[in-house]
Amino acid sequence: MHNIKLNYPIESNGENISELNMRRSKVKDRLVVAKMKNSPDEEKEIRLFANLCEVQPAIIEELDESDYATLQKAYMDFFKSEGISQEPSLSSQK
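First residue of the sequence shown? That's 1110 in my numbering, and the numbers climb one at a time after it.
So this is what it looks like as structure tokens:
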């Protein structure tokens, strides 16, 4: 789990949010996003991050761009820590 301290805290429902906890992704998280066929990639990523941080997508949407970039980095760090290549797998290439 990554604890992400926000440089620009947000307010939601009268609550000040200054950090998010992102858990590791599971296959079921990917499946939820995959079902959003007609949604832009940005919306899919926001939904994925909301699931992983266990918050509503509206919270992720309110983040400052620099804090959002920190979430993206934290997500990618899960894969780096496992030594997984960022290159597409053979099964995904045609």
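We put the CB at the ideal spot given by N, CA and C, even for glycine.
task: Compute the distance between the beta-carbons of residue 1121 and residue 1167, then report whether it is under 9 Å.
output: Yes; because the gap between Cβ atoms is below 9 Å, this pair is in contact.
- prompt: On the three-state DSSP scale, how would you describe residue 1137?
  reply: The answer is helix: DSSP assigns residue 1137 an H, G or I state.
- request: Kindly confirm or deny that the segment 1128-1147 and the segment 1112-1119 touch, where touching means at least three C-beta pairs closer than 8 Å.
  value: The way I'd put it, the segment 1128-1147 does touch the segment 1112-1119; three or more beta-carbon pairs between them come closer than 8 Å.
- prompt: First and last residue of the alpha helix (DSSP H) that includes residue 1175?
  reply: Going by DSSP, residue 1175 is part of the alpha helix (DSSP H) stretching over 1174-1189.
field: Span of the beta strand (DSSP E), counted from its first residue to its last, around residue 1128
entry: Residues 1124-1131.
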